[in-house]
Structures are given as structure tokens and as C-alpha cells.
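Heads up: the structure comes next, in C-alpha cells.
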Amino acid sequence: TLRVKILVLGDSGVGKSSLVHLLTNHSELTNPAWTVGCSLQVGLHEYRSELTGQAERLFFLEFWDIGGYPMHKNSRGVFYHGVHGILLVHDLTNRKTELNLSRWLHESCLGADTPPVLVIGAKSDLCKADALAKRPNGGEAAARIGCPEILLSCVDTRSLSAGTTNAVKLDRFYDQVIEYRLRPRASTPPRVGQAISRPNRQQSKLLHGE
Numbered sequence: 266t267l268r269v270k271i272l273v274l275g276d277s278g279v280g281k282s283s284l285v286h287l288l289t290n291h292s293e294l295t296n297p298a299w300t301v302g303c304s305l306q307v308g309l310h311e312y313r314s315e316l317t318g319q320a321e322r323l324f325f326l327e328f329w330d331i332g333g334y335p336m337h338k339n340s341r342g343v344f345y346h347g348v349h350g351i352l353l354v355h356d357l358t359n360r361k362t363e364l365n366l367s368r369w370l371h372e373s374c375l376g377a378d379t380p381p382v383l384v385i386g387a388k389s390d391l392c393k394a395d396a397l398a399k400r401p402n403g404g405e406a407a408a409r410i411g412c413p414e415i416l417l418s419c420v421d422t423r424s425l426s427a428g429t430t431n432a433v434k435l436d437r438f439y440d441q442v443i444e445y446r447l448r449p450r451a452s453t454p455p456r457v458g459q460a461i462s463r464p465n466r467q468q469s470k471l472l473h474g475e
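Under our numbering, the first residue of the sequence shown is numbered 266, with each subsequent residue one higher.
Set out below in C-alpha cells:
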């Protein structure tokens, strides 16, 4: 089974560890702790073809939860190699954490080929419904970066219930990460948020396990 590497980035305390636990264990993290350095958890995803809609192959998703302490900035670069996707996480109750997402993206890519990106606004359970309704479509950071965004509560598993808009966006992000992982390195890289082209014949063999 092939593996893909997904960075989980954002300021300290925005809920990255709780998010990764939700994504990999489908349950609430009851006693989250501060992440120092990096924490790695693994999930599974069934890649689905855009042509058939059928599940074609299982992939391991490696979530690299990077500690957000500013003092560790100079040592984080070791985790930024061989990345296939990026989750940018911010706290919906703290606008500064959303504004900082562009800095996190720049730090992790540094002019390199940018992989698929998804912005996640966490702690929606702490926000008033009218405040969420007034947010611009896609969110300020997501619009600036040019990628999708989902809003969720890491203490509510229904935030990612099958068939919801959040779940559909997340599954599509995973599919794009896998397609990015399999595309030839010599091809022209897509812009941030741009749809990845369909796999070629060699990539399709990998997806089908041939």
C-alpha cells in the first residue's frame, strides 16, 4: 500500500492534534497535549476515480502534526521534505491564527512545488452561529491562498459525517493528494487550489494495484 505525507500546520493551540485524532480515529481527543517537534499518526483512504466514482485502491495517509511554537521555527524544516498535501488549521475564535496561515504555507514550501492545500477552521463549537454565517465564502485565508476550506468542531464527530459537505471536500482533498503523489515530477505543477489532472496510464496501474 502506497503512503502519502500530509503536513498539518498552524499556530500553537489551534487544535491540530485534536483534528488529526478526529481524522484518524473518528473520535474526540479527550486529553490533548501540546505538540513538541512533530507527532505522526496514520489513517486510510480509498482513492476514487473521477471517471467511475468507484473505490480503486487503499492508501496510507501520514499526518505530520507539526508543533506551532515560534521558537522551533528554525528546526521545523526537517519535516518539510517529500510532502504531498498540506492541512492549514486555524482557530475560528482567533482571527490572528487565520492571518498567519499564509506564513505557514510560505515556510513549508519556500518556493518549491506547492502540493494540494485545504484550510480547516477549527473550534466552530465555540463560535456563535451568526458569526459563522457572516464569514466570507471560503474564508479570508482560503480565498487569499486559493484553496477550499471546511469549518468543524473536533469534539463533534458529526462535523465529518459521511455525505456532508465537509466530508466531500476532505475526500476530494485526499484524492488530489494521491494524484499529486503519483504524477510525474517533470510535469508542470498546478497552482495552489487548482484541480489535479487525471492519472495517466502508469499512474492508473499504481492506483489499481497492477
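We put the CB at the ideal spot given by N, CA and C, even for glycine.
From a predicted model like this one, the values you see are computed outputs, not experimental measurements.
Q. Who are the Cβ neighbours of S389 in its own chain at under 7 Å, not counting the five residues just before and after it?
A. L357, L397, L416, L417, S418
Q) Which residues does DSSP pair with S340 in a beta bridge? A) Paired residue(s): none; S340 is not in a bridge.
Q: Identify which residue in V307, L284, E372 has its Cα closest to the Cα of N296.
A: L284
Q | Closest Cα partner of D330 within the set L352, V269, R409 | A | L352
Q: May I have the straight-line CA-CA distance separating I271 from L391, to the nearest angstrom?
A: 27 Å
Q) Out of curiosity, what's the CA-to-CA distance linking L366 and F325? A) 26 Å
Q. Considering only residues of the region 356-424, which uninterrupted beta strand (DSSP E) runs meet the minimum length of 3 residues and lie entirely inside it, listed in chain order?
A. 382-387, 414-416
(Q) Our contact map puts G275 next to G342 with C-beta atoms below 8 Å; I'd like the distance itself, whole angstroms only. (A) Actually they do not touch by this definition, with Cβ atoms about 17 Å apart.
Q.
Considering Cα atoms alone, identify which of E363, S426, G411 is closest to P380.
A. G411
Q | Where the beta strand (DSSP E) through Y439 begins and ends | A | No beta strand (DSSP E) contains Y439, which is instead part of the alpha helix (DSSP H) from 430-447.
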